[in-house]
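In the order they appear, the protein sequences are chains R and B.
Position 226, counted from 1, in the first sequence is what the numbering used here calls 226; the numbers after and before it change by one each time, with no gaps.
Take the position in the second sequence, starting the count at 1, then add 568; the result is the number in the numbering used here.
Please read the structure below before turning to the comments.
There are 2 protein chains.
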Amino acid sequence: MTKNISELINAATEKTLPDLVFKNAKIIDVFSLEIMEGDIAVLDDMIVGIGEYHNAKKIIDLNGKFVSPGLIEAHVHIESSLIIPENFSTVLLKHGVTTAVIDPHEIANVMGTEGIQYMIDSTENTELDIFIMLPSCVPSTQYESSGAVLKAADLTGFYSHPRVLGLGELMNYPGLLGLDTDLLQKIYDAKSLNLAVDGHAPSISAQGLNAYISAGITTDHECETYEEMKLRLQRGMYVFIREGTAARNLEALIKYVNYKNNDLICFCTDDKEIIDIEKEGSIDYCVRKAVNYGLDPLLAIKMGSYNAAKAHRLHDRGAIAPGRKADLVILDDLENFTVSSVYKDGKLIDENPKTDFLKIKNHKICVSDDINWEIKLKSDEIRAIGLVPNNLFTNEHIMKVDIDKSGNFIPDSEKDAVKLFVIERHNPDNNNVGRGILHGLKIKKGVIATTIGHDSHNLIMTGYNNEDFSLALKTLKEFDGGITVVSDGRVLAVLPLETAGLMTSKPVNEVLKNLEELNKALIEIGFSGNFSPFLSLSFLSLPVIPKLKITDMGLFDVEKFGFVDIEV
Amino acid sequence: MTKNISELINAATEKTLPDLVFKNAKIIDVFSLEIMEGDIAVLDDMIVGIGEYHNAKKIIDLNGKFVSPGLIEAHVHIESSLIIPENFSTVLLKHGVTTAVIDPHEIANVMGTEGIQYMIDSTENTELDIFIMLPSCVPSTQYESSGAVLKAADLTGFYSHPRVLGLGELMNYPGLLGLDTDLLQKIYDAKSLNLAVDGHAPSISAQGLNAYISAGITTDHECETYEEMKLRLQRGMYVFIREGTAARNLEALIKYVNYKNNDLICFCTDDKEIIDIEKEGSIDYCVRKAVNYGLDPLLAIKMGSYNAAKAHRLHDRGAIAPGRKADLVILDDLENFTVSSVYKDGKLIDENPKTDFLKIKNHKICVSDDINWEIKLKSDEIRAIGLVPNNLFTNEHIMKVDIDKSGNFIPDSEKDAVKLFVIERHNPDNNNVGRGILHGLKIKKGVIATTIGHDSHNLIMTGYNNEDFSLALKTLKEFDGGITVVSDGRVLAVLPLETAGLMTSKPVNEVLKNLEELNKALIEIGFSGNFSPFLSLSFLSLPVIPKLKITDMGLFDVEKFGFVDIEV
């Protein structure tokens, strides 16, 4: 590296030729929120100088175009995009995002440390720089069967990896306030290495927040209101304004960001499906939307780059300055952050889909073919899960249903009451099936099934006909996971998610086609709602968001924090 | 520490009593530049909460007083204060400074690694938190005999100390640009531990700065103009605005600081004598002066605390927030930063002078008594060092002088030409005496002598009479170093500096008395200048600032970068 330092010095002072010089750039200065007109000199993957440069191995004249530092995604679960890391990299780079900090929380719930290792290995050579926060809360509760239970001791080995930056979002803040020993050990391990700990604490009280931050949590991405954001900023916590597929907080928060208080604010998407990334963008969309709501574009870019670098203590990036990564976004237009071209590590990005990727090992859908699809009821007055469109919350919907002569529930499209199953899919020795009744799905026939079921990602299936349930199960087992719509003995559409039942290695255009087919299939089964039933379904098994949820262990009342019978 | 985290959580949520609660505080929020009204809860040395707290082991009602985070001195050489670290700690705390980042560069030039070790050991238990940047350039040049030569390998062992934050100001930037192998190795060592490197690069070019920052230098405190500051900020370098005894840059720079560009700007004193700290203050003075020049007091405080913490990657302090050090300054008045009381680590500071301190070992003034005080000249036309009042630069002053019959120079108060000696004081086997003639000192008789002589800190003596030279030498040897004024066979005044010939363990009030006596002695020897001859003298031996300087090896022309004869 002394040689390397020498090379940087020589190129910076034009004693040797830089590899690349961008001439006539309007450089976005995130340190002072100004535009600096000049050149940018690059050696290998580093910026070695800004100002005036005369010669280089390659010169690109920008003719006065704006250049932004590469954007940084402060917190994202790649799994939620539905595509594997190699393809996620290609997609984000196109949008000017050159670094992403991920929390492989979903795959860890399915495959434990093996899942984390897969995410580390598969991101080893992506063009996009991907850093990892270690999942802190696997499983999210004890009321479900996940594919793994990760204790503090399971995580420590990962901290020595140079791309592991700290501990991932500590969602279990009641556990923290209750002094859960293993949870505190996880925080201790990260803190003693001087690493950061991401937070996730919606609706936490001011004192709870004091405790949370005192314990060592340094960031949060769960602000929905100005008051929540202010509570966190006052206490020195980084706030990641989130704008994903479902949770969208930017509009509510951005008007409160100003020159005085922006130091700790950056952007994240948290969970964003590939279809929305393709349609809108990633962090570039956050920047664009912020500007649209009146924010100074330079400040929006600072939040999307430099502030996120600070939050994650990545001192080698986040700005166009000597000694930092040559991650540069050439813009056609500043106000709309219209990306003209993107340079990662000083090289023009490769937009071609990746054909070379890491295949996941040891993943199977471990569910017997022999499921009993009947839901036996002792009474016809039941509590259905009442689906709330476009919301992770549900109701407890008390209703009367029909029962056949054997005492089995009969789904009814008039009453909008269908069967609902959560089937443990990780452990061949665990045959748990949680049974329930769902109200408000608004389909007339058929079955919808998915292997995405937060947070344990068991198999969730809902619909009418036993044969269709069997076919949907067979189909998802065949593909090692996925999302499917089945009706009248036919598979209408399927998106295979062979990677842990969460992600696919298919090229993005094929994924988009499959998603379109799934949506068309919804029409065939008479779906009349104004929401995504796939997304709604995936969160019916998350037993931390009220009111009524379902896991492989049964129907769960989140407010009572215990299981309940279907019958009232 | 898991127990510790539990305790923080419990105190934050009032499940157990905090040790201390400040009620009714106006809390200065450096994150958003706002005032928050509320309480501050402290457990041991940590803030565990802000907001509303009801009970505690001890409650202090602030009745609406402002509370500032403890200030942070971003860069200081304690040696320049003239007092030892234990007393420096007491003085700075009174001024609301609770953390200081020091570079023991001066003592390292005298005593090498032993000097660094002394500074680490003597600051181990000071109330003031003292962090260390390792001296990078000892000696400053090869044209002087220092007490030590510190190579990269000499420094590496210190990096494991938890209070060592990085590599100290890299003054030798020509060496860096010239790819000095050992210098680059020092940077490499710090960088590979992900540590920061302080800079010092006055008048460096834009490309030189690019190289400097590319190499890994992260801060600079040598800005005198807005243009210099802007060049650095644009490149992501922290700028420490310096306001010390001699170098005062605040007035020139502060008007360019605003809400958009302050992220990277903080304050330092660099070199400030105890008499000035007592008179004006330390970083509190910088804050006060900045406000006086029109800066928002909240922004000035942010620069003096939070920004300095960021610059040095001290994530556990710099703000009033949970999880950070309970370093709190209660203010009587915000605009003038009038300190009412100071809490360090949650405890009211102890303002008593320290009687328990670490004595330095193995330090002696190694100069023979047998110095030849004659300056033999081959011609009466000579080049004198032309002293420039209040400036580190000097002139080459060509003049005619008187010579006795043996060819020896005769000092002459009419011509304002006196003898000047730099005598190697570190190595008993080195009997170097540099001889020269000084013009512009403006004394009529006697001798001034000091063991402070930047950067090698050899003994510097100037004046008229051979017997007085001998007495001055005897005096400083007796005290193991110091500053003295001697005349007509009498010691008129002396400040002993027994600690490496740079610092004294005397109580501050005695030091101030000694300094007053030295100033009175100047009057007795007819001093008629409008500057500090002690300070001027101390910099005559620094062979990196033009034009004519003197080291123990002889008269040195900085522009020619070589030795020259006295005779023209």
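Heads up, the beta-carbon is just placed ideally off N, CA and C, and yes, glycines get one too.
Since this is a predicted model, take the numbers as computed values, not measurements.
- The Cβ of R/T13 sits closer than 8 angstroms to at least one Cβ of chain B.
- Shown here, B/Y780 sits in a helix according to DSSP, grouped into three states.
- In this structure, the CA atom of R/G199 is about 37 angstroms from the CA atom of B/S908.
- If you keep only unbroken beta strand (DSSP E) runs of at least 3 residues inside the segment 1056–1115 of chain B, you get 1058–1064.
- In the structure shown, B/D831 adopts helical secondary structure according to DSSP, grouped into three states.
- In this chain, the beta strand (DSSP E) harbouring B/L611 covers 602–611.
- Taking CB atoms only, R/A153 has no neighbour in chain B less than 8 angstroms away.
- Using a Cβ-Cβ cut-off of 7 angstroms, R/A215 is close to I573, L576, I577 of chain B, given in chain order.
- By the Cβ-count criterion, R/G147 is buried, with 16 or more other Cβ atoms from all chains shown falling within 10 Å of its own Cβ.
- The C-alpha of R/D263 is placed about 15 angstroms away from the C-alpha of R/K255.
- Burial state of R/Y118 is buried, judged by a 10 Å Cβ sphere holding 16 or more other Cβ atoms.
- R/S32 has its alpha-carbon roughly 39 angstroms from the corresponding atom of B/S1024.
- For R/I460, the uninterrupted beta strand (DSSP E) segment begins and ends at 459–463.
- Residue burial is scored here from C-beta neighbours: R/Q234 has at least 16 other C-beta atoms within 10 angstroms and is therefore classed as buried.
- Under a criterion of Cβ atoms nearer than 8 angstroms, the residues of chain R adjacent to B/R892 are, in order, G236.
- Distance check between R/D552 and each of R/N519, R/S536, R/I423 places R/I423 closest, using alpha-carbon atoms only.
- In the DSSP annotation of this structure, the continuous segment of the beta strand (DSSP E) that includes R/Y343 starts and ends at 338–344.
- Counting only the Cα atoms, B/H994 lies some 16 angstroms from B/S708.
- Judged by their CB atoms, B/S1106 and B/I652 are not nearer to each other than the 8 angstroms cut-off.
- Each of B/N930, B/V1059, B/D901 was checked against the Cα of B/F1037, and the nearest Cα belongs to B/V1059.
- By a beta-carbon distance limit of 8 angstroms, B/I646 contacts B/I670. Their separation comes to about 5 angstroms.
- Given a length threshold of 3 residues, each whole run of the beta strand (DSSP E) inside the segment 669–703 of chain B is given here in chain order: 697–702.
- Around the beta-carbon of R/S532, 16 or more other beta-carbon atoms lie within 10 Å, marking it buried.
- Assignment of B/D970 by DSSP, reduced to helix, strand and coil, places it in the strand class.
- Distance from B/I1113 to B/V1126 at the Cβ level is roughly 6 angstroms; contact confirmed, criterion being Cβ atoms closer than 8 angstroms.
- Among the residues of the segment 39–63 of chain R, those with a Cβ less than 9 angstroms away from any Cβ of chain B are A41, L43, M46, I47, V48, G49, I50, G51, E52, Y53, in the order of the chain.
- Its Cα nearest to that of B/N958, the residue B/A815 stands out among B/A758, B/L866, B/A815, B/N999.
- B/D612 is positioned such that its CB atom lies no closer than 8 angstroms to that of B/Y621.
- In the DSSP assignment, B/V659 falls within the unbroken alpha helix (DSSP H) covering 653–662.
- Among the CB atoms of chain R, none fall inside 8 angstroms of the CB of B/D697.
- Secondary structure at R/V291: helix, using DSSP grouped into helix, strand and coil.
- CA-CA distance, R/G294 to R/M36, rounds to 22 angstroms.
- Per DSSP, reduced to three states, the secondary structure at B/T787 is strand.
- R/E114 is the residue among R/E114, R/Q142, R/L512, R/I187 whose C-alpha sits nearest the C-alpha of R/K361.
- Runs of the beta strand (DSSP E) lying entirely within the segment 1006–1050 of chain B and spanning at least 3 residues, in chain order: 1015–1018, 1027–1031.
- Closer than 9 angstroms at the C-beta level to chain B, one finds no residue of the segment 538–567 of chain R.
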